[in-house]
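*Asks:*
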Amino acid sequence: MATTTSSHRRQSNRTRQTDANGHRTQATTPSPDLDEENYYQLLGVRSSSSAAEITSAYRRAMKRSHPDRVHPDRRAAAEELAKLLNRAYSTLANPITRQTYDRTARAQEMQDQLMRRYVGGLGGPGIGGADPFAQALRREMSPAERADQRRADRSAMLSLLLVFVVVTAVVITLIVLWAVVSLLLSLIF
1 MATTTSSHRR QSNRTRQTDA NGHRTQATTP SPDLDEENYY QLLGVRSSSS AAEITSAYRR
61 AMKRSHPDRV HPDRRAAAEE LAKLLNRAYS TLANPITRQT YDRTARAQEM QDQLMRRYVG
121 GLGGPGIGGA DPFAQALRRE MSPAERADQR RADRSAMLSL LLVFVVVTAV VITLIVLWAV
181 VSLLLSLIF
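Each residue of the sequence shown is one higher than the one before, starting from 1 at the first, in the numbering used here.
#1: Would you call the CB atoms of residue 82 and residue 72 closer than 7 Å?
#2: Roughly how many angstroms separate the alpha carbons of residue 182 and residue 162, rounded to a whole number?
#3: When you compare only the Cα positions, how much space is there between residue 77 and residue 153?
#4: Applying the criterion that 16 or more other CB atoms from any shown protein chain within 10 Å of the CB defines a buried residue, is residue 98 buried or exposed?
#5: Using the rule of at least 16 other Cβ atoms within 10 Å of the residue's Cβ for burial, across every protein chain shown, is residue 173 buried or exposed?
#6: Is the stretch 85 to 97 touching the stretch 38 to 53 in the sense that three or more CB pairs, one from each, lie closer than 8 Å?
#7: Please report the distance separating the alpha-carbon of residue 141 from that of residue 178.
#8: What is the rounded straight-line gap between the Cα of residue 170 and the Cα of residue 43?
#9: For a test of the three-state rule: what should DSSP assign to residue 189, helix, strand or coil?
#10: In or out: residue 85 buried (at least 16 other Cβ within 10 Å) or exposed?
#11: Mark residue 58 as exposed unless 16 or more other C-beta atoms lie within 10 angstroms of its C-beta, in which case mark it buried.
#12: Between residue 158 and residue 145, what straight-line distance do the alpha-carbon atoms span, to the nearest angstrom?
#13: What are the boundary residues of the alpha helix (DSSP H) that includes residue 59?
Spelled out as structure tokens, the structure:
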């Protein structure tokens, strides 16, 4: 059964293509790199868009930025954009690779939210967000992200305050207990 699962997994990243002689070949599509731009945003469609809407958006985007339609000095950038558009379209047009992309994107988004919430601006050079180079690369937080950040900050502050109060109460209790025991021992002896 494990063999069937792994062979099915291998086949999910393959698409059928034809070579110059018209023979069918299988080419492996590259797995999505989620550090790049979101494929849905790149094509200008919603994640719930149909295959026809994705195809239409892809054709519009390629007409706007095809390397043959731009000025020669911007051709290299247009070729890179065309490659990215082709990768986005090939991923989203195939239902299997689209499902894999969506699952991976959701997992990545959840991971990013966890990291933002619990790590925040900690770590690395310029601890606390004082690194001007990192600040220039960071995007502006949305209102929902700012609200989440405030909630996480408030929760962290309350946790620290609670720990401080408990530790202080324990220390005071120990001091009072030591004083009472000292007093009792001095009265007895």
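Cβ coordinates follow ideal geometry from the N, Cα and C atoms, glycine included.
Just so you know, these numbers come straight off a predicted model, no measurement behind them.
*Replies:* Taking the structure as given:
#1: no
#2: 30 Å
#3: Each residue's alpha carbon lies about 41 Å from the other.
#4: Classification for residue 98: buried.
#5: exposed
#6: yes
#7: Computed Cα separation, rounded: 52 Å.
#8: 60 Å
#9: coil
#10: buried
#11: buried
#12: Their backbone Cα atoms lie some 20 Å apart in a straight line.
#13: For residue 59, the enclosing alpha helix (DSSP H) begins and ends at 51 to 65.
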